[in-house]
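Peer 1: Structure incoming, see below.
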Amino acid sequence: MTFSIVARSADGRAHGVAVASKFLAVGAAVPAAEAEVGALATQSYANLAYRPQGLTLLRTGVPAAGVVAGLVAADDGRAQRQVGVVGPDGDGATHTGDGCHPWAGGAAGDGYAIQGNILAGPEVVDAMRDAWRAAAGDAPLAPRLLAALRAGDRAGGDRRGRQSAALLVVAKGMGYGGTSDVVVDLRVDDHPDPVTELGRLLDIHTLLFGRPDPATLLDLAGEVAAEVGRRLAVAGHPVAGHPVSGPDTTALDAALASWAGVENLEERLVPGRIDPLVLAHLRTATG
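Numbering (the numbering used here), first residue to last: 1 to 287.
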């Protein structure tokens, strides 16, 4: 009743799951992931016990194929189950029981596992695999997973229709404020076009919580500092002692941080510099 991809980033630091289904809140049932351990998807009359059990097996060093074999062997309902697993290295693994509603099947390779049931046909899995392989290996994991999910959706996806989608990515210390391993955790629980909506949410998430690119940062000096100061005043966050001059940007940094915290852009702040995306948002917010 679902199609999903479980995968690992090229550098092995991130693991994640992207899933869509004609099922309410699929993100509450299918995905599980743990930083530096692995990720899995349980679906088709999902056995939610697979999630803690599978992560426990991965944590002890069992490879993905062994995790799938162990989960399935211990499950009397294995004929109606699907599961995909990816570990910290090596090939992913997938299982489709012979009692799953057709079309049902999957594919696995280095760092990924794709599976689906009640699909329009095998072309759904093929499209997801092709999209995964076509993406640049060094691309961030979340958009790469979403690209594969979109390809499956465009190829027909769940033949019953659309309802929900979810995206989960974990990496050690890469979550909000560096205090969490959850990089992305987005869900569309009930929507006529959930994969498209998931993409919209990921764009917002990237703006708000993405890390700034050091190569694009602008120095908070000269005309840039003057403009930022003026716009912060318009936004209700005036800079103490403005106009700003000289190399000391402490007051400007403080005012910018005050505004950015209200706008949920604090993850993009770098003292003494400004992310062009933050500047663009400030310009939009202040006309």
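Backbone N, C-alpha and C define an ideal beta-carbon position, used for all residues, glycine too.
In this text, all values refer to a predicted model and were calculated from it rather than measured experimentally.
Under a three-way DSSP split, which group does PRO238 fall into?
Peer 2: coil
Peer 1: Going by other Cβ atoms of all chains shown within 10 Å of its Cβ, with 16 needed for buried, is ARG133 buried or exposed?
Peer 2: Sixteen is the threshold: since fewer than 16 other Cβ atoms of the shown chains lie within 10 Å of the Cβ of ARG133, the residue is exposed.
Peer 1: Tell me, please, which residues DSSP counts as bridged to PHE3.
Peer 2: ALA20, GLY116
Peer 1: Does DSSP classify PRO31 as helix, strand or coil?
Peer 2: strand
Peer 1: Taking 8 Å as the limit between beta carbons, can you name the residues of its chain near GLY156, skipping five residues before and five after?
Peer 2: LEU119, ALA120, GLY121, GLU123, VAL124
Peer 1: Going by the beta-carbon positions, is the gap between ALA73 and ALA93 smaller than 9 Å?
Peer 2: no
Peer 1: Hey, could you find the ends of the beta strand (DSSP E) LEU252 is sitting in?
Peer 2: LEU252 -> not in any beta strand (DSSP E); alpha helix (DSSP H) instead, spanning 250-262.
Peer 1: So is PRO214 buried or exposed if we call it buried at 16+ other beta carbons inside 10 Å?
Peer 2: exposed
Peer 1: Does DSSP put HIS191 in a helix, a strand or coil?
Peer 2: Here HIS191 sits in coil by DSSP.
Peer 1: Which residue comes first and which comes last in the alpha helix (DSSP H) that contains GLY70?
Peer 2: 64-73
Peer 1: Give the list of continuous alpha helix (DSSP H) stretches no shorter than 4 residues that lie fully inside the segment 136-207.
Peer 2: 141-154
Peer 1: By Cβ distance below 7 Å, which residues in the same chain neighbour LEU252 in space, the five residues on each side in sequence not counted?
Peer 2: LEU220, ALA225, VAL228, GLY229, VAL239, VAL244
Peer 1: Take the Cβ of ASP275 as the centre, count every other Cβ of all protein chains shown within 10 Å, and call the residue buried at 16 or more, exposed below.
Peer 2: Label assigned to ASP275: buried.
Peer 1: Have a look at VAL67 and LEU146 and give me their C-alpha separation to the nearest angstrom.
Peer 2: 25 Å
Peer 1: What did DSSP end up calling VAL83 once you bin it into helix, strand or coil?
Peer 2: strand
Peer 1: Do ALA151 and ALA127 have their beta-carbon atoms positioned less than 9 Å apart in this structure?
Peer 2: Taking 9 Å as the cut-off, the beta carbon of ALA127 is found closer than this to the beta carbon of ALA151.
Peer 1: Excluding the 5 residues flanking ARG59 on each side, which residues of the same chain have their C-beta closer than 6 Å to its C-beta?
Peer 2: VAL37
Peer 1: Which word fits VAL262, buried or exposed, when buried means at least 16 other C-beta atoms lie within 10 angstroms of its C-beta?
Peer 2: exposed
Peer 1: What do you reckon, are the CB atoms on ALA32 and SER4 nearer than 9 Å?
Peer 2: no
Peer 1: Quick one: what's got a C-beta closer than 7 Å to LYS22's C-beta in the same chain, skipping five residues either side?
Peer 2: MET1, ASP158, ARG160, GLY161, ARG162, GLN163
Peer 1: I'd like the span of the alpha helix (DSSP H) that includes THR96, first residue to last.
Peer 2: It is not in any alpha helix (DSSP H) - THR96 instead sits in the beta strand (DSSP E) that spans 93-96.
Peer 1: Do you know whose CA, among THR206, GLY173, SER9, GLU267, lies nearest ASP110's CA?
Peer 2: Here the closest residue by C-alpha is SER9.
Peer 1: How many angstroms separate the CA atom of ALA136 from the CA atom of VAL86?
Peer 2: 19 Å
Peer 1: Quick one: is TYR50 buried, meaning 16 or more other Cβ sit within 10 Å of its Cβ, or exposed?
Peer 2: TYR50 is classed as buried because its beta carbon has at least 16 other beta carbons within 10 Å across all chains shown.
Peer 1: Three-state secondary structure (DSSP) at GLY105?
Peer 2: In the three-state reduction of the DSSP assignment, GLY105 falls in the strand class, which pools E and B.
Peer 1: Compute the Euclidean distance between the alpha carbons of ALA131 and ARG144, then round it to the nearest angstrom.
Peer 2: 8 Å
Peer 1: How big is the Cα-Cα spacing for LEU279 and LEU201?
Peer 2: Cα to Cα, LEU279 sits roughly 21 Å from LEU201.
Peer 1: Going by DSSP in three states, LEU279 sits in which element: helix, strand or coil?
Peer 2: helix
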